[in-house]
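Chemist: Protein sequence lines, in the order shown, are assigned to chains A, B, C and D. Going by our numbering, the first residue of the first sequence is number 1417, and it counts up by one from there. Going by our numbering, the first residue of the second sequence is number 1417, and it counts up by one from there. Going by our numbering, the first residue of the third sequence is number 1417, and it counts up by one from there. Going by our numbering, the first residue of the fourth sequence is number 1417, and it counts up by one from there. First the structure, then my questions, so here it is.
4 protein chains.
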Amino acid sequence: MRTTVVAGNPKPGSRTLDAATRLAVALTGEQPDHLIDVIGLGPGLLGWGDAQVRAAVDTVSGSDLVVFASPTFKATYTGILKLFLDQFATGDGLRDVTAVPLMLGAGPAHALAPELLLKPVLVELGATCPAAGLYLIDSTYTTDTRILDHVERWAPTIRSSLRSEAS
Amino acid sequence: MRTTVVAGNPKPGSRTLDAATRLAVALTGEQPDHLIDVIGLGPGLLGWGDAQVRAAVDTVSGSDLVVFASPTFKATYTGILKLFLDQFATGDGLRDVTAVPLMLGAGPAHALAPELLLKPVLVELGATCPAAGLYLIDSTYTTDTRILDHVERWAPTIRSSLRSEAS
Amino acid sequence: MRTTVVAGNPKPGSRTLDAATRLAVALTGEQPDHLIDVIGLGPGLLGWGDAQVRAAVDTVSGSDLVVFASPTFKATYTGILKLFLDQFATGDGLRDVTAVPLMLGAGPAHALAPELLLKPVLVELGATCPAAGLYLIDSTYTTDTRILDHVERWAPTIRSSLRSEAS
Amino acid sequence: MRTTVVAGNPKPGSRTLDAATRLAVALTGEQPDHLIDVIGLGPGLLGWGDAQVRAAVDTVSGSDLVVFASPTFKATYTGILKLFLDQFATGDGLRDVTAVPLMLGAGPAHALAPELLLKPVLVELGATCPAAGLYLIDSTYTTDTRILDHVERWAPTIRSSLRSEAS
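Following this line, the structure appears as structure tokens:
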């Protein structure tokens, strides 16, 4: 099984990336195979056909499980994450990928955003999103129980989705 | 496996109910075990504790696969369907249920509604919604290929979700 | 100017109704002309053509300013409120009405719901919704500053919309 | 009165820009004062503090009326548009700006996106969005009546909002 973490934070090496990695580890028991810190792809994201961007898209498309993570900007996911998602083929770009939407925010007010806003983009790309979207508080996600609670609640559903896509 | 169809149309015996039944048959190869035409539950829906409403909730909660169907009223699902959904326990009311959101409309303009509006309510109730929401045109769903296309695309994902919940 | 408060809580005389009334008073400096506690309309809401429901719809349609209020059920507005909104004509039912979406919840997690979920229904009915949707915590709205903050921020915008519709 | 058009299409000189300009002209009777074709701002969009991006933000913030336009990518607005919107201050970045959300798509299926997805971002930035979101078909917007219908329906509301913000 191949697991990838995608973090769409304009700051490299962000808490977004860290939280997404922790979630992937909690779901699979292993370090993710690939970390894609979208901002590192640079200006090639602004057009089409950049080789590095293409390679990142292929890594994601070829993964079994992908955590898509974003900080909350303007009550929704970031432009940088969407810029990357715009590179995938509509309907099929995430086919056979089990995707987990994750967002982080400074406070709880935007907790609906992963489910209402980020997940539908992933579904439009053809991903299977069997679990509820997860929202974390960026100052407490390393100490609170939200990641564990989510994993306890949804990991069986996610794992079964993975086995299915693999078969 | 127990399959249930829930139709939230203020008119009994609606095309909504028919389309949802067709979708259930296309997904499972069998007639659904239960049809719940919500309007038939009557005024007990306006409060809590009605025995007939309670029985319908239990039927749905105890099902493996449920198609939740609504016509499009005011660009979203109906009040009558939401009234029924309000009877379920938040977080757990649809736990271990694989749910398929279905909406019908007169034209294509509201095609995003099942994914953006109906699915999140089902997820809030704890349902597993592994497939994209489906939108049908109410005048052509018996002759167009939308139900079949959806089943071809998503039935494997839905079936695997069912096996998982059953295990 | 005619102001109406609509509360869609299955419990009569709810905090929803109280909070909506307080918001209307804070916006206008006067008690609202009409209070519509939707649950009081009874089983006529489940069909079409009930005289009492019709009168309530006409009261709302003929108002200049309407606060539409709902508790948060399953991460969105209630079925009882939507049942009432389904009685209005699409596109024109709230034409020339300035509408303010208000939701209350036990905690902050659903704060996006008035803007993302309730406001679009009002706009679909033709209402002018110039202000952001407001979300209140049901246990603290009488003591916190959220209503006042909202009024300070948005009342000028709402009042100008009212003058415009009146002209 | 200062009018600005913002187009978030990765292709410069797009139909998105053209349609947004036509809408601005139809609303005001004049050519817009500023056209911001976001892609032209280049890689400075990927970070903070770029002078050209800053100037574009200031132009928009200082405008009375702004049409925010995007093609539909993955059933919502583009990453390039969101990247630009992420440059504004939350809550106040579009204060006193009357904003009109506009999206174009190849077909009608995503017609709910301007209202459900683009408008909430503008409201989060503090914009006044008194009119419904507009969705155009990219192959027919120069010949169909959608722009005119929208202007006939909503221009009085938008103009009154403008007068109010100016006062």
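Heads up, the beta-carbon is just placed ideally off N, CA and C, and yes, glycines get one too. Bear in mind the structure is a predicted one, so any value in this text is a computation, not a measurement.
In whole angstroms, give me the CA-to-CA distance for V1513/B and G1495/C.
Modeler: Walking along the second sequence from the start, residue 1513/B turns up at place 97. Walking along the third sequence from the start, residue 1495/C turns up at place 79. Near 21 Å, if we compare the C-alpha coordinates of G1495/C and V1513/B.
Chemist: For a cutoff of 8 Å on Cβ pairs, would you count P1524/B as touching chain D?
Modeler: Here residue 1524/B refers to the residue found at position 108 of the second sequence. By this cut-off, P1524/B is an interface position.
Chemist: Taking all protein chains shown into account, decide if L1564/B is buried (16 or more other Cβ within 10 angstroms of its Cβ) or exposed.
Modeler: Within the second sequence, residue 1564/B is the residue found at index 148, counting from 1. When all chains shown are included, L1564/B counts as exposed.
Chemist: Below 7 Å on C-beta distance, what does F1489/C contact in chain B?
Modeler: Position 73 of the third sequence, counted from the start, is the residue given in the question as residue 1489/C. Going along chain B in sequence order, the residues near F1489/C (Cβ under 7 Å) are D1502.
Chemist: Cβ atoms of T1419/A and P1392/A: under 8 Å apart, would you say?
Modeler: In the structure as shown, chain A starts at 1417 and stops at 1583, and residue 1392/A therefore has no counterpart that could be examined.
Chemist: Would you mind sorting Q1503/D into buried or exposed? The rule is 16 or more other CB atoms within 10 Å of its CB.
Modeler: Working through the fourth sequence from its first residue, we reach residue 1503/D at position 87. Q1503/D is buried by the Cβ-count criterion.
Chemist: Of the residues that make up the region 1550-1563 of chain A, which ones have a beta carbon closer than 7 Å to any beta carbon in chain C?
Modeler: Listed in sequence order: no entries.
Chemist: Taking the alpha helix (DSSP H) that T1444/A belongs to, which residues open and close that run?
Modeler: Locating residue 1444/A in the first sequence gives position 28, where the first residue counts as 1. Residues 1431-1444.
Chemist: Could you give the residue range of the beta strand (DSSP E) that holds L1518/A?
Modeler: Taking the first residue of the first sequence as 1, we reach residue 1518/A at position 102. Element bounds for L1518/A: 1514-1521.
Chemist: Among G1458/B, A1543/B, A1440/B, whose alpha-carbon lies nearest the alpha-carbon of A1505/B?
Modeler: Stepping through the second sequence from its first residue, residue 1505/B is reached at position 89. Measuring from the Cα of A1505/B, the nearest candidate turns out to be A1543/B.
Chemist: For a test of the three-state rule: what should DSSP assign to P1459/C, helix, strand or coil?
Modeler: For the purposes of this step, residue 1459/C is taken as the residue at position 43 of the third sequence. Three-state DSSP puts P1459/C in a helix.
Chemist: With which residues is V1476/C paired in a DSSP beta bridge?
Modeler: Your numbering for residue 1476/C matches position 60 in the third sequence. Beta-bridge pairing links V1476/C to no other residue.
Chemist: Can you say whether R1470/C is buried or exposed, counting buried as having 16 or more other CB atoms within 10 angstroms of its CB?
Modeler: Along the third sequence, one-based indexing puts residue 1470/C at 54. R1470/C comes out exposed.
Chemist: Counting along the chain, where does the alpha helix (DSSP H) carrying L1528/D start and finish?
Modeler: Here residue 1528/D is taken as the residue at index 112 of the fourth sequence, counted from 1. No alpha helix (DSSP H) holds L1528/D; DSSP gives it neither H nor E.
Chemist: Quick check: is the beta carbon of A1529/D nearer than 8 Å to any beta carbon in chain B?
Modeler: Translated into positions along the fourth sequence, residue 1529/D becomes position 113. It does: the Cβ of A1529/D has a partner Cβ on chain B nearer than 8 Å.
Chemist: If I measure Cβ to Cβ from V1473/A and keep anything under 7 Å in the same chain, skipping five residues before and after, which residues do I get?
Modeler: To locate residue 1473/A, count along the first sequence from 1; it is residue 57. Excluding positions up to five away in sequence, the list reads Q1503, F1504.
Chemist: Is the Cβ of T1492/C closer than 8 Å to any Cβ of chain B?
Modeler: Residue numbering aside, residue 1492/C sits at position 76 when the third sequence is read from its first letter. Closer than 8 Å: yes.
Chemist: List the residues of chain D that A1571/C touches, going by C-beta distances under 9 Å, in chain order.
Modeler: Counting from one through the third sequence, the residue named residue 1571/C turns up at place 155. Residues of chain D passing the Cβ test: none, with the nearest at roughly 11 Å.
Chemist: Label G1509/C either buried or exposed according to how many other C-beta atoms from any shown protein chain fall within 10 Å of its C-beta, with 16 as the threshold for buried.
Modeler: Working through the third sequence from its first residue, we reach residue 1509/C at position 93. Looking at its Cβ environment, which holds 16 or more other Cβ atoms inside 10 Å, G1509/C is buried.
Chemist: Please tell me whether M1519/C and S1555/C are closer than 8 Å, where the distance is taken between their beta carbons.
Modeler: Locating residue 1519/C in the third sequence gives position 103, counting from the first residue. Locating residue 1555/C in the third sequence gives position 139, counting from the first residue. Contact: no.
Chemist: Can you give me, in chain order, the residues of the region 1451-1467 of chain A that have a beta carbon less than 8 Å from any beta carbon in chain D?
Modeler: Result list: I1455, G1458, P1459, L1461, L1462, G1463, W1464.
Chemist: Taking D1453/A as the reference, which of P1517/A, R1431/A, A1571/A has the closest Cα?
Modeler: Numbered from 1 along the first sequence, position 37 holds the residue referred to as residue 1453/A. Minimum Cα distance to D1453/A is reached at R1431/A.
Chemist: With which residues is I1452/D paired in a DSSP beta bridge?
Modeler: Indexing the fourth sequence from 1 puts residue 1452/D at position 36. Answer is V1422/D.
Chemist: Measure the C-alpha to C-alpha separation of L1439/C and L1499/B and round it to an integer number of angstroms.
Modeler: To locate residue 1439/C, count along the third sequence from 1; it is residue 23. To locate residue 1499/B, count along the second sequence from 1; it is residue 83. Straight-line Cα distance between these residues: approximately 26 Å.
Chemist: Going by the DSSP bridge assignment, what does I1553/A pair with across the sheet?
Modeler: Here the question's residue 1553/A lines up with position 137 in the first sequence. Note: I1553/A sits in a beta bridge opposite G1521/A.
Chemist: Based on Cα-Cα distance, which residue from T1488/A, L1541/A, A1435/A, L1457/A lies nearest to R1511/A?
Modeler: Locating residue 1511/A in the first sequence gives position 95, where the first residue counts as 1. Of T1488/A, L1541/A, A1435/A, L1457/A, the residue nearest in Cα terms is L1541/A.
Chemist: 8 Å is my cut-off, CB to CB: does A1485/B come that close to chain A?
Modeler: Counting from one through the second sequence, the residue named residue 1485/B turns up at place 69. A1485/B does not count as touching chain A.
Chemist: Leaving out the 5 sequence neighbours to the left and right, which residues in its chain are closer than 7 Å to W1464/D when beta-carbon positions are compared?
Modeler: Sequence index remark: in the fourth sequence, residue 1464/D carries index 48 (1-based). So the list is empty, once near-sequence residues are dropped.
Chemist: Does the Cβ of K1490/D lie closer than 7 Å to at least one heavy atom of the ligand HEM?
Modeler: The model depicted lacks the ligand HEM and carries no ligand whatsoever.
Chemist: Between the beta-carbon of S1577/D and the beta-carbon of P1546/C, is there less than 8 Å?
Modeler: Against the fourth sequence, residue 1577/D aligns to sequence position 161. Against the third sequence, residue 1546/C aligns to sequence position 130. Contact flag set, yes.
Chemist: Verify the CB distance criterion: does L1510/B have a CB-CB separation below 8 Å to chain D?
Modeler: Walking along the second sequence from the start, residue 1510/B turns up at place 94. No, because no Cβ of chain D sits closer than 8 Å to the Cβ of L1510/B.
Chemist: So what's T1544/D in DSSP terms, helix, strand or just coil?
Modeler: For the purposes of this step, residue 1544/D is taken as the residue at position 128 of the fourth sequence. It is a strand residue.
Chemist: Report the rounded CA-to-CA distance for E1568/B versus L1443/B, giving the unit in angstroms.
Modeler: The count along the second sequence starts at 1 and reaches residue 1568/B at position 152. The count along the second sequence starts at 1 and reaches residue 1443/B at position 27. Taking the straight line from one Cα to the other gives about 9 Å.
Chemist: Confirm, please, whether the CB-CB distance from A1529/C to T1573/C is below 8 Å.
Modeler: Position 157 of the third sequence, counted from the start, is the residue given in the question as residue 1573/C. Position 113 of the third sequence, counted from the start, is the residue given in the question as residue 1529/C. No. Outside cutoff.
Chemist: On the premise that G1424/C lies in contact with L1497/C, defined as a C-beta separation below 8 Å, what is that separation, rounded to the nearest angstrom?
Modeler: Counting from one through the third sequence, the residue named residue 1497/C turns up at place 81. Counting from one through the third sequence, the residue named residue 1424/C turns up at place 8. Their Cβ separation, rounded to whole angstroms, is 2 Å, which keeps L1497/C and G1424/C in contact under 8 Å.
Chemist: Which word fits P1459/C, buried or exposed, when buried means at least 16 other C-beta atoms lie within 10 angstroms of its C-beta?
Modeler: Within the third sequence, the letter at position 43 stands for residue 1459/C. Burial call: exposed.
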